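Peer 1: Per full-length UniProt numbering, the very first residue in the sequence shown carries number 1; after that it's consecutive.
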Amino acid sequence: MSQIKTRSSGVQAAVSAPRHRPATGPATVLRVGLSRIGYETRIYFRTTDSVFFTFLFPFIMLAIFTAAFGASGNIGTAPDGSGGISVGAYYLPGMLAAGMLLSGVQNLAVDIAGEKGDGTLKRLGGTPLSPLSYFLGKIGQVLVTGIFQAALLMLVARVLLGIDLPTAPEKWLTFAWVFLLGVITSAFLGIALSSLPRSGKSATAVVIPIVLVLQFISGVYLQFYVLPEWMQNLASVFPLKWMAQGMRGVFLPDSFASLEQTGSWDFPLIALNLAIWLVVGLVLSRVTFRWIRKDT
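(1) Put Ile163 into one of helix, strand or coil per three-state DSSP.
(2) If you draw a straight line from the alpha carbon of Ser35 to that of Val220, how long is it in whole angstroms?
(3) Taking Gly25 as the reference, which of Arg123, Ser133, Gly73 and Val280 has the closest Cα?
(4) Would the segment 277-292 count as touching the segment 182-198 if we require 3 or more Cβ pairs under 8 Å?
(5) What runs of the beta strand (DSSP E), each 3 residues or longer, lie entirely inside the segment 82-138?
(6) My output table needs one value for Pro22: the three-state DSSP class, helix, strand or coil.
(7) Nearest by alpha-carbon distance to Pro93: which of Ala157, Gly126 and Ser186 is it?
(8) Determine the contact status of Gly182 and Met61, defining contact as a CB-CB distance below 8 Å.
(9) Taking the C-alpha atoms as reference points, what is the distance between Leu234 and Val213?
(10) For Ala271, which of Gln215, Ser264, Leu252 and Met243 has the nearest alpha-carbon?
(11) In the DSSP output, which residue or residues are listed as bridge partners for Ile75?
(12) With a cut-off of 8 Å on the beta carbons, I'd call Gly114 and Ala203 a contact; round off their distance for me.
(13) Under 8 Å between the Cβ atoms of Leu96 and Leu153?
(14) Indicate the three-state DSSP secondary structure (helix, strand or coil) for Val170 in the structure shown.
(15) Please list the terminal residues of the continuous alpha helix (DSSP H) segment that includes Leu234.
(16) Measure the alpha-carbon distance for Asn74 versus Glu229 and round it to whole angstroms.
(17) Measuring straight from C-alpha to C-alpha, what distance separates Ser72 and Ile43?
(18) Going by other Cβ atoms of all chains shown within 10 Å of its Cβ, with 16 needed for buried, is Gly162 buried or exposed?
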């Protein structure tokens with residue numbers, strides 16, 4: 001499941017810039033950062049295992065859950081068997097939330113740890129590239145691939161699985177801010193988490209269990225309302241629970257809000273928790289990021 005790939009000769013040339021570091025203003029930092037988004041996105045899609053385990057994984061899991069549990073009938077049906085929604089429709093919000101987490105946390109944590117391990121960050125540290133420009137490139141890549149992933153996942157759900165999508169404009173407005181907050185928060189947390197593995201080779205072993213456990217306790221793979229209260233409370237500490245709840249609030253009927261802990265979608269609380277985690281991720285990523293590990 002390793003996501004670590006040795007950079008191509010083109011990457012070597014890209015980082016062999018002059019070692020002087022001229023003064024750079026905000027406009028230059030922004031311009032360089034934006035210019036790296038396309039580069040980072042191309043590298044991402046050239047890395048087959050990254051595409052499989054972060055981009056395609058939600059598609060695979062949605063197909064598995066639909067095939068495995070679809071025959072058991074709708075979820076949330078009335079006592080007489082009427083109403084409810086299909087298994088695929090219920091799991092779609094969770095898969096969208098999982099896509100945000102995988103694209104941000106797992107992708108960047110493993111990718112940046114690999115760049116530290118193969119010397120890419122050390123070489124970049126000798127160029128005029130600032131950490132902020134580097135961050136912009138990485139976060140921009142996550143945003144671009146995340147939007148593409150979410151759009152494609154909804155298209156597959158609608159066309160292949162016959163899942164109805166929201167029609168109310170306010171639902172799509174909610175989707176937009178939950179998605180943006182979730183993706184950017186996940187990206188910052190991924191950058192911060194990249195400092196935890198002691199080598200590029202150990203990155204997947206460190207990162208994937210964390211991501212996997214969060215998905216199980218946050219209402220992605222298991223129906224959140226069937227989890228014990230202590231597990232729901234534990235999940236509420238982390239951002240994935242709020243991303244999944246926000247997506248459920250967009251794609252599930254309003255009657256399903258009664259299954260949440262407080263009996264409502266709690267959109268203001270979702271926004272607050274994701275905003276807090278965004279700030280935490282931003283601070284941690286800036287504090288922990290180094291071109292070279294301290295213990296090297």
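We put the beta carbon where it would ideally sit given N, CA and C, even for glycine.
Please read all numbers here as calculations on a predicted model, not as lab measurements.
Peer 2: Straight from the coordinates:
(1) coil
(2) 34 Å
(3) Ser133
(4) yes
(5) none
(6) Caution applies to Pro22, whose pLDDT of 41 falls short of 50 and renders its modelled position unreliable; the value that the coordinates give is listed next. Correct three-state label for Pro22: coil.
(7) Ala157
(8) no
(9) 11 Å
(10) Met243
(11) Ile85
(12) 6 Å
(13) The criterion of a C-beta distance shorter than 8 Å is satisfied by Leu96 and Leu153.
(14) Contrary to the premise, residue 170 reads as Glu rather than Val in this sequence. Three-state result, Glu170: helix.
(15) Glu229 to Ala235
(16) 24 Å
(17) 42 Å
(18) exposed
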